[in-house]
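S.K.: For reference, the structure I am asking about is given below.
Protein chains: 2
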Amino acid sequence: MERRSRVRMLDVARAAGVSHSTASRALNGHPKVSATAQAAVADAARELGYVRDLRAADLASSRATTIGLLIRAAERPFYGALAAQLQTETEGRDVDLLTASGGDDVPRQTRAVQTLLGHGVGGILIASGRASAQAVEYAASFVPTVTIGLGLVRPGVDAVHVAAESEIGLAEQVSRAGHTHVAVTASSNELAHALHARTANFLTSLVVSEVRTTIIASRTEDSRQLRDGLRAAIDAGATAVMAGEDMAAVRILEYLDEWGVRCPDEVSVTGFDGVGPYRSPLFGLTTVAQPVEHLAKEALDLMERRLRGDQTTIADIRLPGRLVHGRTLGQPPGART
Amino acid sequence: MERRSRVRMLDVARAAGVSHSTASRALNGHPKVSATAQAAVADAARELGYVRDLRAADLASSRATTIGLLIRAAERPFYGALAAQLQTETEGRDVDLLTASGGDDVPRQTRAVQTLLGHGVGGILIASGRASAQAVEYAASFVPTVTIGLGLVRPGVDAVHVAAESEIGLAEQVSRAGHTHVAVTASSNELAHALHARTANFLTSLVVSEVRTTIIASRTEDSRQLRDGLRAAIDAGATAVMAGEDMAAVRILEYLDEWGVRCPDEVSVTGFDGVGPYRSPLFGLTTVAQPVEHLAKEALDLMERRLRGDQTTIADIRLPGRLVHGRTLGQPPGART
DNA sequence: TTGTAGGCGTTATCAA
DNA sequence: TTGATAACGCCTACAA
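Quick note, the sequences are listed as chains A and B, same order.
This note's numbering applies: residue 1128 is where the first sequence begins, and numbers increase by one.
This note's numbering applies: residue 1128 is where the second sequence begins, and numbers increase by one.
Structural data, given as structure tokens:
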């Protein structure tokens, strides 16, 4: 491919026989440009294949056409779907997304935020269930910041996430099905705010319903821990397991399958997220589908408002998820005739 | 959050009692800076929470610290995993990723490329199975371009994708299992180059093995078409279905399940991609796992080489996938005793 | 080793 | 309506 050495606005201006100022105005649709100049510039630009340098434009006008997205584990359906949706939503508006991957520790998160800032993003979206308060506040000290799906509300930082009612509602389904001893997974990662909040909501609801609970502690990296905890919980008499996310729920289903424990006849399982393949009827997972589209839309609306300088109170938007009735939640063995 | 009005390099320089040139050199780790100045600048920068404006830096040095990624449907496990891996790989190197979502038609793809170019990316990665030749060549006419997973090799454009042998190998597994009539899905979208190539490889291999083939035409958006085609193929006697991607394979499994057709006892099914949840033993999918990590690494290696000005021949790198033996491929009904 | 001056590609403020 | 001219924040000869 012959690689055209980048054509600048000045080149367009010359070709159109005007000054670069006029070219700039013409290309920006400025009102006070003669139709003649307007046309000449437009023609020249098309002819030369001109593409405006947004870095220079942003720099000169000290505004930003870019907003940063700090995302965790984009290979996971939930985050992947969120990123995709944000991308899509973003196309209609006049901003572009610069993405940095989260990193699961504070220094990396901070560095990612710095990278984003270095590129002059006008705002930062943090889509991560494990962003540290530190990184979030660091970002917020520079530009408007919105967290998505983080179960942690920081002063001065807008937040959008799934409503606690959806988590409570799922737990209610489990207790209503008749289970009197339920195991709940809990992350032992201190940054997993979203999971912690979820676990707490599950537990609260179960306790209110006078259901006995057992906690299965686990960390994403250690599957043995989950496996052993699950075994122990079942041996202790738990007839249902509420996982904090579909990924864990599926792993649990796999273990049960391996052990020959039937689901839901012997043990019921619920998940959370309900995105992509996890929604397949083949899994038949009883779960809550995160309102991914709404989350993305609300987050960007919030961001746009902030970028326009709207200084009203900090928002903490909670959107309802959708309960997905699958085959993995049934009555406890005792309740069967 | 108190929002510090952005601190500039000049501020750092002043605080350190040196000129901005010295500050610049110090911050860039330039060799000829006195230890005193070096330390003073570093201290001042830390103190003030300085973050370098990369746009300005790139502009001034007319280099690029950013490369663009044009990705299709990041909500899908394969592309999501690819994007995530590219992000991760990218962290070790000294570039950042600016992401734009593909768009499934030529004008949108071109616009996405322009957006990327506008931000001054030094190169463009196109991770899409349906990028148009036009968009690819447009990108390549400006900056080094590498396609990933696109089954289309354009002159002057580097490409990285899964080896045809992996696709052929999968088809061989099917014919070796004894199937003599196999249905293969084919996308009716003209831009679906990756799928077309895959279908062709499947068919070629099957024909060579003297297996009768039936084509199930479908487009992603139209599930009825897939359903009807599948029904017709089975009625015509096909005992195995090779889907172009896991997503379609799972949909096929769902239909079979719905119809009470047992898999693999009555009909075998294979997929492609083998990423994320699709890998679950619960699906038990016989498929080929794309070498996501290798794809990402090779693509970035290639890009780095180009950015360093390496003008050697265009690369067309093909990486082997890993055959995943699941439960969905078995012998045809007739072969059972 | 350091500072001065010019330039990267735009936008924005002036006069004209 | 237009065109100089000065920013924007940074890098980089060149000179000191």
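All C-beta atoms, glycine included, are put in the ideal place defined by N, C-alpha and C.
From a predicted model like this one, the values you see are computed outputs, not experimental measurements.
Which residues, in order along the region 1431–1455 of chain A, keep a beta-carbon less than 8 Å from a beta-carbon of chain B?
M.R.: So nothing in the stretch comes that close.
S.K.: I want to see whether chain A comes within less than 9 Å of residue 1410 of chain B, judged by CB atoms only; does it?
M.R.: Start at 1 with the first residue of the second sequence, and residue 1410 of chain B comes out as number 283. Chain A, which has a Cβ nearer than 9 Å to the Cβ of residue 1410 of chain B, makes this yes.
S.K.: Among A/1180, A/1174, A/1408, whose alpha-carbon lies nearest the alpha-carbon of residue 1151 of chain A?
M.R.: In the first sequence, the residue the question calls residue 1151 of chain A occupies position 24. The shortest C-alpha separation from residue 1151 of chain A is found at A/1180.
S.K.: Would residue 1281 of chain B and residue 1267 of chain B qualify as a contact pair, given that the criterion is a beta-carbon distance under 9 Å?
M.R.: Here residue 1281 of chain B corresponds to residue number 154 of the second sequence, with the count starting at 1. Here residue 1267 of chain B corresponds to residue number 140 of the second sequence, with the count starting at 1. For residue 1281 of chain B and residue 1267 of chain B, yes; Cβs fall inside 9 Å.
S.K.: So with CB distances below 7 Å, who are the chain A contacts of residue 1179 of chain B?
M.R.: Position 52 of the second sequence, counting from 1, holds the residue named residue 1179 of chain B. By Cβ distance, chain A contributes 1245.
S.K.: Can you tell me whether residue 1461 of chain B is buried or exposed? The criterion is at least 16 other CB atoms within 10 Å of its CB, across all chains shown.
M.R.: By 1-based counting over the second sequence, the position of residue 1461 of chain B is 334. Looking at its Cβ environment, which holds fewer than 16 other Cβ atoms inside 10 Å, residue 1461 of chain B is exposed.
S.K.: To which residues does DSSP link residue 1308 of chain B through a beta bridge?
M.R.: In the second sequence, counting from the first residue as 1, residue 1308 of chain B sits at position 181. Residue 1308 of chain B pairs with B/1339.
S.K.: Can you pull the chain A neighbours of residue 1204 of chain B, defined as C-beta to C-beta under 8 Å?
M.R.: Along the second sequence, read from residue 1 onward, the residue named residue 1204 of chain B stands at position 77. By Cβ distance, chain A contributes 1202, 1204, 1207, 1403, 1404.
S.K.: Do you know how far the Cα of residue 1189 of chain A is from the Cα of residue 1350 of chain A?
M.R.: In the first sequence, counting from the first residue as 1, residue 1350 of chain A sits at position 223. In the first sequence, counting from the first residue as 1, residue 1189 of chain A sits at position 62. Roughly 49 Å separates the two Cα atoms.
S.K.: Taking a Cβ distance cut-off of 8 Å, strictly less, list which residues of the region 1217–1229 of chain B are near chain A, in chain order.
M.R.: Those residues of the region 1217–1229 of chain B that come within reach of chain A (Cβ to Cβ, closer than 8 Å) are 1218, 1223, 1224, 1225, 1226, 1227, 1228.
S.K.: Applying a beta-carbon distance threshold of less than 7 Å, which residues of chain A neighbour residue 1211 of chain B?
M.R.: As a first step, residue 1211 of chain B is located in the second sequence; it is residue number 84 there, counting from the start. Ordered by position in chain A, the residues that pass the 7 Å Cβ test against residue 1211 of chain B are 1200, 1201, 1202, 1228.
S.K.: From this set, A/1413, A/1132, A/1164, A/1168, which residue's C-alpha is nearest residue 1298 of chain A's C-alpha?
M.R.: Translated into positions along the first sequence, residue 1298 of chain A becomes position 171. Residue A/1413 is the option with its Cα nearest to residue 1298 of chain A.
S.K.: Does residue 1351 of chain A come within less than 9 Å of chain B when only Cβ atoms are used?
M.R.: Along the first sequence, read from residue 1 onward, the residue named residue 1351 of chain A stands at position 224. Cβ-Cβ to chain B under 9 Å: no for residue 1351 of chain A.
S.K.: Find out if the Cβ-Cβ distance for the pair residue 1318 of chain B, residue 1231 of chain B is shorter than 9 Å.
M.R.: Against the second sequence, residue 1318 of chain B aligns to sequence position 191. Against the second sequence, residue 1231 of chain B aligns to sequence position 104. Cβ atoms of residue 1318 of chain B and residue 1231 of chain B: closer than 9 Å.
S.K.: Quick one: is residue 1465 of chain A buried, meaning 16 or more other Cβ sit within 10 Å of its Cβ, or exposed?
M.R.: Because chain A spans 1128 through 1464 in this model, residue 1465 of chain A falls outside it and cannot be assessed.
S.K.: Taking the runs of the beta strand (DSSP E) that are 3 residues or longer, which of them lie wholly in the region 1320–1385 of chain B?
M.R.: If we require 3 residues or more, the beta strand (DSSP E) runs fully inside the region 1320–1385 of chain B come out as 1339–1345, 1367–1369.
S.K.: For chain B, is any of its Cβ atoms less than 9 Å away from the one on residue 1141 of chain A?
M.R.: For the purposes of this step, residue 1141 of chain A is identified with residue 14 of the first sequence, where counting begins at 1. So, not an interface residue.
S.K.: Please state if the CB of residue 1286 of chain A and the CB of residue 1275 of chain A are separated by a distance shorter than 9 Å.
M.R.: Here residue 1275 of chain A refers to the residue found at position 148 when the first sequence is read from its first residue. Here residue 1286 of chain A refers to the residue found at position 159 when the first sequence is read from its first residue. Yes, Cβ-Cβ distance for residue 1275 of chain A and residue 1286 of chain A is below 9 Å.
S.K.: Determine, using beta carbons only, whether residue 1269 of chain A comes closer than 9 Å to chain B.
M.R.: As a first step, residue 1269 of chain A is located in the first sequence; it is residue number 142 there, counting from the start. Interface residue, yes.
S.K.: Would you mind telling me which residues of chain A sit closer than 7 Å to residue 1123 of chain B, beta carbon to beta carbon, in chain order?
M.R.: Residue 1123 of chain B falls outside the range modelled here, since chain B spans only 1128 to 1464, and no answer is possible.
S.K.: Along the beta strand (DSSP E) that carries residue 1224 of chain B, what are the first and last residues, could you check?
M.R.: Indexing the second sequence from 1 puts residue 1224 of chain B at position 97. Per DSSP, residue 1224 of chain B belongs to the beta strand (DSSP E) from 1223–1228.
S.K.: Helix, strand or coil: which one does DSSP assign to residue 1400 of chain A?
M.R.: In the first sequence, the residue the question calls residue 1400 of chain A occupies position 273. Three-state result, residue 1400 of chain A: strand.
S.K.: For the putative contact between residue 1426 of chain B and residue 1273 of chain B, defined by C-beta atoms under 8 Å, what is the C-beta separation to the nearest angstrom?
M.R.: Here residue 1426 of chain B refers to the residue found at position 299 of the second sequence. Here residue 1273 of chain B refers to the residue found at position 146 of the second sequence. Their Cβ separation, rounded to whole angstroms, is 5 Å, which keeps residue 1426 of chain B and residue 1273 of chain B in contact under 8 Å.
S.K.: Residues in its own chain within less than 7 Å of residue 1323 of chain A by CB, not counting five upstream and five downstream?
M.R.: By 1-based counting over the first sequence, the position of residue 1323 of chain A is 196. 1278, 1314.
S.K.: Between residue 1191 of chain B and residue 1247 of chain B, how many whole angstroms is the CB-CB distance? I'm expecting something under 8 Å.
M.R.: For the purposes of this step, residue 1191 of chain B is taken as the residue at position 64 of the second sequence. For the purposes of this step, residue 1247 of chain B is taken as the residue at position 120 of the second sequence. Between residue 1247 of chain B and residue 1191 of chain B the Cβ distance is about 6 Å, and since that is below 8 Å, they are a contact.
S.K.: Consider the Cβ of residue 1425 of chain A: report whether some Cβ of chain B lies at a distance smaller than 9 Å.
M.R.: Position 298 of the first sequence holds residue 1425 of chain A. For residue 1425 of chain A, the answer is no, since every Cβ of chain B falls outside 9 Å of its Cβ.
S.K.: Suppose you measure from the CA of residue 1423 of chain B to the CA of residue 1252 of chain B; what does that come to, to the nearest Å?
M.R.: By one-based count along the second sequence, residue 1423 of chain B stands at place 296. By one-based count along the second sequence, residue 1252 of chain B stands at place 125. Roughly 10 Å between the two C-alpha positions.
S.K.: Anyone know if the C-beta pair for residue 1439 of chain B and residue 1445 of chain B falls short of 9 Å?
M.R.: Your numbering for residue 1439 of chain B matches position 312 in the second sequence. Your numbering for residue 1445 of chain B matches position 318 in the second sequence. No, they are not a contact pair.
S.K.: Please return the same chain residues whose Cβ sits closer than 6 Å to the Cβ of residue 1202 of chain A, not counting the five positions on each side in sequence.
M.R.: Within the first sequence, the letter at position 75 stands for residue 1202 of chain A. No residues qualify anywhere along the chain.
S.K.: Using a Cβ-Cβ cutoff of 9 Å, what residues of the region 1365–1391 of chain B are near chain A? List them in chain order.
M.R.: Residues 1373, 1374, 1377, 1378, 1380, 1381, 1384, 1385.
S.K.: Just reading off the alpha helix (DSSP H) that residue 1432 of chain A is part of, what are its end residues?
M.R.: To locate residue 1432 of chain A, count along the first sequence from 1; it is residue 305. First-last of the alpha helix (DSSP H) with residue 1432 of chain A: 1419–1434.
S.K.: Rounded C-beta distance between residue 1176 of chain A and residue 1134 of chain A? I'm assuming under 8 Å.
M.R.: Here the question's residue 1176 of chain A lines up with position 49 in the first sequence. Here the question's residue 1134 of chain A lines up with position 7 in the first sequence. Their Cβ separation, rounded to whole angstroms, is 7 Å, which keeps residue 1176 of chain A and residue 1134 of chain A in contact under 8 Å.
S.K.: Give a yes or no on whether the C-beta atoms belonging to residue 1198 of chain B and residue 1209 of chain B are separated by under 9 Å.
M.R.: Here residue 1198 of chain B corresponds to residue number 71 of the second sequence, with the count starting at 1. Here residue 1209 of chain B corresponds to residue number 82 of the second sequence, with the count starting at 1. Yes, the Cβ-Cβ distance between residue 1198 of chain B and residue 1209 of chain B is below 9 Å.
S.K.: Going along chain B in order, which residues have a C-beta closer than 7 Å to the C-beta of residue 1185 of chain A?
M.R.: Against the first sequence, residue 1185 of chain A aligns to sequence position 58. Near residue 1185 of chain A (Cβ distances below 7 Å), the residues of chain B are 1182.
S.K.: With respect to the alpha helix (DSSP H) encompassing residue 1180 of chain A, which residues constitute its N-terminal and C-terminal limits?
M.R.: Start at 1 with the first residue of the first sequence, and residue 1180 of chain A comes out as number 53. Counting along the chain, residue 1180 of chain A falls outside any alpha helix (DSSP H), and DSSP gives it neither H nor E.
S.K.: At a Cβ cut of 8 Å, what residues of the region 1250–1267 of chain B count as close to chain A, listed as they run along the chain?
M.R.: Within the region 1250–1267 of chain B, the qualifying residues are 1264, 1267.
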